[in-house]
Amino acid sequence: MRDRIIRIRATTEELARIQDLARSRGLSISEMLRRVGLGVRMPARGLDQTNIVLLTQTLGELGRIGGNLNQIARRANAGKLAGHDVELAQTLAGVDGLRDRIREIVR
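The sequence shown begins at 10 in the numbering used here and counts up by one.
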(Lines of atoms letter the chains of each structure in order from A and count residues from 1; the text may use other names and numbers.)
(Lines give C-alpha, C1' and ligand atoms only; values in the text may rest on other atoms or scores of the structure.)
Protein backbone atom coordinates (compact mmCIF):
# COMPACT_ATOMS: atom_id res chain seq x y z
CA MET A 1 0.00 0.00 0.00
CA ARG A 2 1.31 3.42 -0.90
CA ASP A 3 1.07 5.47 2.25
CA ARG A 4 3.89 8.01 1.82
CA ILE A 5 3.49 11.41 0.19
CA ILE A 6 6.36 13.13 -1.60
CA ARG A 7 6.09 16.84 -2.25
CA ILE A 8 8.24 18.60 -4.82
CA ARG A 9 8.66 22.19 -5.90
CA ALA A 10 8.31 23.08 -9.56
CA THR A 11 7.93 26.21 -11.64
CA THR A 12 4.69 26.85 -13.49
CA GLU A 13 6.43 25.84 -16.73
CA GLU A 14 7.84 22.63 -15.23
CA LEU A 15 4.43 21.66 -13.86
CA ALA A 16 2.84 22.27 -17.27
CA ARG A 17 5.47 20.08 -18.95
CA ILE A 18 5.01 17.33 -16.35
CA GLN A 19 1.23 17.45 -16.79
CA ASP A 20 1.52 17.34 -20.59
CA LEU A 21 3.94 14.42 -20.47
CA ALA A 22 1.73 12.45 -18.08
CA ARG A 23 -1.38 13.17 -20.16
CA SER A 24 0.34 12.17 -23.42
CA ARG A 25 1.34 8.85 -21.84
CA GLY A 26 -2.09 8.20 -20.36
CA LEU A 27 -0.73 8.28 -16.79
CA SER A 28 -1.46 10.25 -13.67
CA ILE A 29 1.26 12.68 -12.59
CA SER A 30 1.98 10.46 -9.57
CA GLU A 31 2.32 7.31 -11.66
CA MET A 32 4.51 9.02 -14.24
CA LEU A 33 6.86 10.52 -11.63
CA ARG A 34 7.01 7.18 -9.80
CA ARG A 35 7.98 5.37 -13.01
CA VAL A 36 10.58 7.98 -13.96
CA GLY A 37 12.06 7.95 -10.47
CA LEU A 38 12.27 4.16 -10.37
CA GLY A 39 13.51 3.79 -13.95
CA VAL A 40 10.38 1.93 -15.07
CA ARG A 41 9.55 2.17 -18.74
CA MET A 42 6.65 4.43 -19.60
CA PRO A 43 4.14 3.78 -22.37
CA ALA A 44 4.97 5.39 -25.68
CA ARG A 45 3.69 8.86 -26.33
CA GLY A 46 0.32 8.88 -28.01
CA LEU A 47 0.03 10.15 -31.56
CA ASP A 48 -2.27 12.97 -32.48
CA GLN A 49 -4.75 12.54 -35.32
CA THR A 50 -2.62 14.51 -37.81
CA ASN A 51 0.37 12.22 -37.31
CA ILE A 52 -1.80 9.11 -37.55
CA VAL A 53 -3.17 10.34 -40.89
CA LEU A 54 0.35 11.10 -42.18
CA LEU A 55 1.66 7.70 -41.09
CA THR A 56 -1.31 5.95 -42.67
CA GLN A 57 -0.70 7.81 -45.94
CA THR A 58 2.99 6.89 -45.75
CA LEU A 59 2.01 3.26 -45.21
CA GLY A 60 -0.07 3.37 -48.40
CA GLU A 61 2.75 4.95 -50.36
CA LEU A 62 5.20 2.32 -49.11
CA GLY A 63 2.72 -0.35 -50.21
CA ARG A 64 2.67 1.08 -53.72
CA ILE A 65 6.47 1.29 -53.79
CA GLY A 66 6.64 -2.31 -52.59
CA GLY A 67 4.27 -3.35 -55.37
CA ASN A 68 6.47 -1.67 -57.97
CA LEU A 69 9.56 -3.32 -56.50
CA ASN A 70 7.83 -6.71 -56.60
CA GLN A 71 7.12 -6.24 -60.31
CA ILE A 72 10.79 -5.40 -60.88
CA ALA A 73 11.81 -8.44 -58.81
CA ARG A 74 9.59 -10.70 -60.95
CA ARG A 75 11.30 -9.43 -64.09
CA ALA A 76 14.69 -9.97 -62.48
CA ASN A 77 13.71 -13.52 -61.51
CA ALA A 78 12.58 -14.14 -65.09
CA GLY A 79 16.07 -13.19 -66.26
CA LYS A 80 15.01 -9.89 -67.78
CA LEU A 81 17.11 -7.86 -65.32
CA ALA A 82 20.48 -9.31 -64.49
CA GLY A 83 22.80 -8.35 -61.66
CA HIS A 84 20.37 -6.54 -59.37
CA ASP A 85 18.86 -9.46 -57.44
CA VAL A 86 20.61 -8.73 -54.13
CA GLU A 87 19.83 -5.01 -54.26
CA LEU A 88 16.16 -5.68 -55.01
CA ALA A 89 15.88 -8.18 -52.16
CA GLN A 90 17.47 -5.74 -49.72
CA THR A 91 15.24 -2.89 -50.87
CA LEU A 92 12.10 -5.02 -50.60
CA ALA A 93 13.12 -6.12 -47.10
CA GLY A 94 13.70 -2.49 -46.13
CA VAL A 95 10.29 -1.40 -47.39
CA ASP A 96 8.61 -4.31 -45.60
CA GLY A 97 10.45 -3.39 -42.40
CA LEU A 98 9.30 0.23 -42.64
CA ARG A 99 5.71 -0.83 -43.20
CA ASP A 100 5.82 -3.16 -40.18
CA ARG A 101 7.27 -0.41 -37.98
CA ILE A 102 4.63 2.12 -39.07
CA ARG A 103 1.87 -0.43 -38.37
CA GLU A 104 3.25 -0.89 -34.85
CA ILE A 105 3.32 2.88 -34.26
CA VAL A 106 -0.22 3.48 -35.55
CA ARG A 107 -1.76 0.69 -33.44
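Don't be surprised by glycine CBs; every beta carbon is placed ideally from N, CA and C.
Is the beta carbon of residue i sitting closer than 8 Å to the one on residue j?
{"i": "M41", "j": "L24", "result": "no"}
{"i": "R112", "j": "G72", "result": "no"}
{"i": "L97", "j": "A85", "result": "yes"}
Do you know whose CA, among the options, lies nearest residue i's CA?
{"i": "R43", "options": "D94, R11, G76", "result": "R11"}
{"i": "L78", "options": "I111, I114, G103, T59", "result": "G103"}
{"i": "D57", "options": "L90, Q28, R32, L107", "result": "R32"}
{"i": "I114", "options": "V95, Q99, T67", "result": "T67"}
Can you list, in chain order, the residues of its chain whose CB lies under 8 Å from that of residue i, leaving out five sequence neighbours each side?
{"i": "L101", "result": "G75, L78, N79, A82"}
{"i": "P52", "result": "R34, G35, L36"}
{"i": "I27", "result": "A19, I38, M41, L42"}
{"i": "V45", "result": "M51"}
Tell me which residues share the same chain as residue i and place their Cβ nearer than 6 Å to its Cβ, disregarding the 5 neighbours each side in the sequence.
{"i": "T20", "result": "none"}
Practice task
Counting only runs of 4+ residues fully inside the stretch 31-111, write out the alpha helix (DSSP H) ranges in chain order.
Solution key: 38-47, 58-86
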